[in-house]
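Numbering (the working numbering), first residue to last: 51 to 181. The C-beta atom is built at its ideal place from N, Cα and C for all residues, glycine as well. Worksheet: one structure, shown below.
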């Protein structure tokens, strides 16, 4: 069991019996898993916003050039023109696509690091599990 007290990580039970290098790798793997979860959550939020922008752009395309368009600004709706809102949405879409690309690369790197670390841990633990 891993517990935190006074900012220190204390190991008890079976983990305390493991060599320090193995404990460090297990902790590193746990950190990587937490980071991956964070990256996946961010990526999901970005993809959701991209979908919403695509839908908004699709609706704007159907609207007449002189259609009355309102843009949300906090709790307000502000009247704006179609060209301005389309440009803003396209700019936001471009930014989010770059962010999604960065998050995808981070995800790949984290998965690779985790795979490598898991292989090392299996190597470390295989002699310990043999009678």
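Measuring only the C-alpha atoms, how far is residue i from residue j?
i           : j           : result
residue 148 : residue 88  : 18 Å
residue 143 : residue 73  : 43 Å
residue 53  : residue 123 : With a pLDDT of 41 at residue 53, under the threshold of 50, the predicted position of this residue should be treated as unreliable, though the coordinate-derived value follows. Looking at the two C-alpha atoms, the distance is approximately 45 Å.
residue 82  : residue 155 : 14 Å
residue 65  : residue 111 : 60 Å
residue 84  : residue 117 : 47 Å
residue 102 : residue 86  : 24 Å
residue 93  : residue 157 : 9 Å
Is residue i near residue j, with beta carbons less than 8 Å apart?
i           : j           : result
residue 133 : residue 97  : no
residue 136 : residue 107 : yes
Are there 16 or more other CB atoms within 10 angstroms of the CB of residue i, so buried, or fewer, so exposed?
i           : result
residue 153 : buried
residue 162 : exposed
residue 51  : Note that residue 51 scores a pLDDT of 40, beneath 50, so its modelled location is shaky and nothing firm can be said.
Could you pull the start and end residues of the beta strand (DSSP E) that residue i belongs to?
i           : result
residue 122 : 119-123
residue 127 : 126-130
Given 8 Å, three or more beta-carbon pairs between the stretch 75-88 and the stretch 157-172: Under the Cβ criterion (8 Å, minimum of three pairs), the stretch 75-88 counts as touching the stretch 157-172.
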